[in-house]
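Whatever position you read off the sequence shown (first residue = 1), add 185 for our numbering.
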Amino acid sequence: ETAEKCLEEQGIDRPAMGDVLWNLEYAFQLQETAMQNDPDENSTNHIADLPLHCPEPEPFDTSVIGRGVGGSDDDLEDATTSAVFSQLVNPRGR
């Protein structure tokens, strides 16, 4: 809820930093209390139980790319670059 309020368009609608800090500390205390009550809840306690052998990945079928709907490899690269990195190239604030 606090995180959503922090994303409000208007600054007046966002919580004060003191309120955000209080909510984070409260959430941290709740988490610490829960972990003290159930120490096995921490997933790092079970790392030794994980298998050491990782399964082999499925082979990548490159023929699917060749049977595309049309266009060239340059079109694919341009679309990917513009869609994925548009905000990195042209950062805009709220």
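Ideal Cβ positions, reconstructed from N, Cα and C, are used throughout, including at glycine.
If the five residues before and after PRO200 are omitted, its C-beta is found closer than 7 Å to the C-beta atoms of THR187, LYS190 and CYS191, all from its own chain and listed in chain order. CA-CA distance, GLN214 to GLN195, rounds to 30 Å.
Here DSSP, grouped into helix, strand and coil, assigns LEU192 to coil.
A direct Cα-Cα distance of roughly 21 Å separates ALA212 from GLU193. In the DSSP annotation of this structure, the continuous segment of the alpha helix (DSSP H) that includes ASP204 starts and ends at 202 to 222.
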